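J.:
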Amino acid sequence: MDLRDYLTILRHRWLLIASVALGVVALAALATWRTTPQYASSTDLFISTSQAADDSQAFQGSQFSLQRVKSYAEMVNQNEITRRVIRDLDLDETPAELSQQITATSQLDTVILTITVTDPSPERAQRIAETTADVFVGYVGELETPPGKDQATIKATVTNQATAPTSPVSPQPLRNLGLGLILGLLLGAGIAVLRETLDSSVKTHKQLEELAEAPVIGAIPFDNAADGAPLISEIDTYSPRAEAFRVLRTNLQFIDPDANKKVFVLSSALPGEGKSTTAVNLALALAEGGQKVALIEGDMRRPRVAQYLGLVEAVGLTTVLVGRVELPDAMQETGVSGLSVLSSGKTPPNPAELLQSRAMVAVVEQLRAEYDVVLIDAPPLLPVTDAALISSVVDGAVLVVRHGKTTADQVRAAVDRLEGVGAKPVAAVFNMTPVKSGRYGYGYGYGYGYAPTDSDSVEAAEDRPEPMSTRRGSKRRADTTQQQQQRQAHLTAPRRTDRSGDLDAVQDAVGRQSRTRLDASRGLEDPEPETDHQRGERDDES
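Take 1 as the starting number for the sequence shown in our numbering and just add one per residue.
1. When the Cα atoms are used, what is the spatial distance from Leu177 to Thr166?
2. With distances taken between CB atoms, is the gap from Ser71 to Thr82 smaller than 8 Å?
3. Do you know how far the Cα of Lys206 is from the Cα of Gly323?
4. Looking at the unbroken alpha helix (DSSP H) that takes in Met360, where does it start and where does it end?
5. Which runs of the beta strand (DSSP E) spanning at least 3 residues fall entirely within the region 208–267, listed in chain order?
6. Using the Cα positions of Leu30 and Thr197, report the straight-line distance between them to the nearest angstrom.
7. From Ile86 to Glu80, what distance separates their C-alpha atoms?
8. I need the DSSP call for Leu174, collapsed to helix, strand or coil.
9. Put Leu309 into one of helix, strand or coil per three-state DSSP.
10. What does DSSP give as the partner residues of Phe46 in its beta bridges?
11. Near Leu389, what residues of its chain come up, given a Cβ to Cβ distance below 8 Å and the 5 sequence neighbours on each side ignored?
12. If you run the structure through DSSP and keep just helix, strand and coil, what is Gly323?
13. Below 7 Å CB to CB, which residues in the same chain sit around Asp256 once its five sequence neighbours on both sides are set aside?
14. Among the residues of its own chain, which have a CB less than 6 Å from the CB of Ser41, if the five just before and after it don't count?
15. Looking at the secondary structure, which residues open and close the beta strand (DSSP E) in which Gly396 lies?
16. If I measure Cβ to Cβ from Leu10 and keep anything under 7 Å in the same chain, skipping five residues before and after, which residues do I get?
17. What did DSSP end up calling Met432 once you bin it into helix, strand or coil?
18. Under 8 Å Cβ to Cβ from Val169, same chain only, skipping five residues before and after it: list those, please.
19. Whole-angstrom Cβ separation of Ser343 and Ala306, contact assumed at under 8 Å?
20. Indicate the three-state DSSP secondary structure (helix, strand or coil) for Ser343 in the structure shown.
21. At the level of alpha carbons, what is the spacing between Leu270 and Val364?
22. Of all the options Val401, Pro95, Tyr6, which has the alpha carbon lying nearest to the alpha carbon of Phe222?
23. Where Glu370 and Ile217 are concerned, what is the direct C-alpha to C-alpha distance, given to the nearest angstrom?
24. Determine the contact status of Ala279 and Leu295, defining contact as a CB-CB distance below 8 Å.
25. Report the CB separation of Ile220 from Met360 in whole angstroms; it is logged as a contact under 8 Å.
26. Is Pro348 helix, strand or coil by DSSP?
27. Is the beta carbon of Ile115 sitting closer than 8 Å to the one on Phe46?
28. When DSSP builds the beta bridges, which residues end up paired with Thr94?
29. Could you check the C-alpha separation between Glu210 and Ser391 for me, to the nearest Å?
30. With DSSP collapsed to three states, give me the class of Thr82.
31. When you compare the CB positions of His377 and Gln291, do they come within less than 8 Å of one another, or not?
32. Note down the Cα distance separating Leu66 from Tyr139, rounded to an integer number of angstroms.
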């Protein structure tokens with residue numbers, strides 16, 4: 001990574017860095033608050049030799065004093081001195097403990113020795129400093145007096161008396177908080193870079209293209225309201241998520257542009273990446289764009305498409321594959337013009353065998369001939385092999401990847417699963433991407449919005465279609481118990497060689513159901529059941 005990458009990481013992880021910095025500052029503040037204040041009192045000693053007879057002796061004495069000062073600085077806090085101070089002041093500390101409070105320093109090229117004593121009490125620090133200086137003066141005289149002589153060759157004189165300090169020398173709140181802030185920022189930046197380095201999830205446009213070996217044709221922004229309103233027909237038509245699916249619809253047209261009829265499988269590496277909602281919303285966007293679209297619910301294990309659109313779940317792909325119902329009879333119309341859905345049907349014990357059967361190939365080819373675009377919502381690639389089996393008989397797979405959740409190894413394994421059956425991903429879609437642009441927003445501009453003003457949207461609101469959630473609720477209310485029993489009886493009926501009677505019954509049931517569901521979606525009341533007399537008159541007229 002270069003400097004720009006590091007700066008991008010710091011900008012993206014600023015909240016983590018700020019949290020760590022504030023935590024370290026809080027710890028520094030706590031340590032400062034709990035630290036006992038220490039006061040320092042100092043006194044100065046002047047080290048000199050006896051008076052010299054001439055200049056030469058004076059110079060030699062000065063050099064001798066300089067050498068002695070360095071040694072005296074090491075002797076001030078020795079046990080002999082501290083024992084005498086404890087004895088004179090009647091202290092409770094041990095010589096070793098008191099030596100930790102006494103320090104001595106000598107200024108460079110001077111004969112000044114400074115003794116400093118720190119203590120929680122300023123008055124006590126002053127007394128210990130004064131006593132230590134007096135004791136050391138006497139101790140120097142004892143050391144520097146030659147045997148048989150009464151006068152020492154070197155003497156120490158107190159030149160600056162110790163005073164009681166007025167402010168503590170430690171702790172220093174501003175210094176501690178400043179150091180804590182600096183250390184916290186450095187630590188937070190290090191953690192951010194380390195986390196980014198160890199994070200194997202897919203976050204960038206370029207990274208996903210390299211892993212999937214396919215172009216990224218769309219990025220769906222994260223929306224907190226998606227759980228309650230998963231379909232774009234239930235939200236504002238100018239919302240960023242709706243616009244993102246229109247961009248995805250446009251980019252999908254550039255995949256194999258020479259083909260008039262296209263069939264794609266939408267899958268993901270793992271569950272929870274939003275493949276089903278992406279498939280449904282992409283189908284809605286294609287239908288709104290004027291194309292004739294068929295959406296197949298190929299996930300027979302955990303079907304979601306019929307629930308999202310409020311359609312019948314009992315009749316679908318499984319009933320078509322086993323020959324119970326013809327494909328045109330199983331296709332269900334939605335409230336969106338141009339969109340037909342083939343639900344999954346009942347969950348079979350062998351989904352993989354059904355999906356790789358010749359009947360499945362025939363279904364795909366039949367829908368390809370009738371519709372402009374066929375989308376198949378398939379199960380995740382890694383847990384089961386269903387999606388890979390379907391991908392081998394269509395034009396390609398569109399891989400849905402959840403931003404910041406799916407790892408690079410999972411994407412690579414999903415691609416390998418497709419290549420294992422001779423298929424390949426033709427495109428990839430980023431789902432739940434951050435709204436902000438940049439390295440983590442991919443520069444698509446989602447999140448800014450470009451909705452018309454209130455005055456411009458008055459007429460458009462009058463012609464806006466009814467939300468899918470309202471239609472779905474009406475459809476569910478129209479789906480009566482009697483109709484469910486009729487569908488169940490039809491599905492469980494034994495197969496016969498002559499299926500014309502069965503097909504007529506199914507068409508009649510599906511036709512009545514479609515009319516009932518359509519009337520319910522329009523807010524019309526259910527029609528009165530037709531009597532035998534009325535049915536006979538209608539047959540005579542026909």
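Quick reminder that beta carbons are idealized off the backbone N, C-alpha and C, glycines included.
For clarity, every value in this text was computed on a predicted model and none was experimentally measured.
T.: This is what the structure holds:
1. 22 Å
2. no
3. The straight-line gap from Cα to Cα measures roughly 46 Å.
4. Per DSSP, Met360 belongs to the alpha helix (DSSP H) from 358–370.
5. Here the runs fully enclosed are 216–221.
6. Going by the C-alpha atoms only, they are around 32 Å apart.
7. If you take the alpha carbons of Ile86 and Glu80, they lie about 10 Å apart.
8. helix
9. helix
10. DSSP lists Ile112, Thr157 as partners of Phe46.
11. Here the set comprises Ala352, Leu355, Gln356, Val421.
12. coil
13. Lys262, Asp395
14. Val117, Ala125, Gln126, Ala129, Ala162, Pro165
15. 396–402
16. These residues qualify, in order along the chain: Ile17, Ala189, Ala192.
17. Met432 carries a strand assignment under DSSP once its states are collapsed to helix, strand and coil.
18. Gln38, Tyr39, Ala40, Thr118
19. 4 Å
20. coil
21. 25 Å
22. Closest by C-alpha distance to Phe222, out of Val401, Pro95, Tyr6, is Val401.
23. 26 Å
24. yes
25. Here Ile220 is actually not in contact with Met360; their C-beta atoms are around 29 Å apart, not less than 8 Å.
26. coil
27. Their beta carbons are not under 8 Å apart, which means Ile115 does not touch Phe46 by this criterion.
28. Per DSSP, none; premise fails for Thr94.
29. Distance between the alpha carbons of Glu210 and Ser391 is about 20 Å.
30. helix
31. The question names His, but residue 377 in the sequence shown is Asp. If you check the CB distance, Asp377 and Gln291 do not come in under 8 Å.
32. 18 Å
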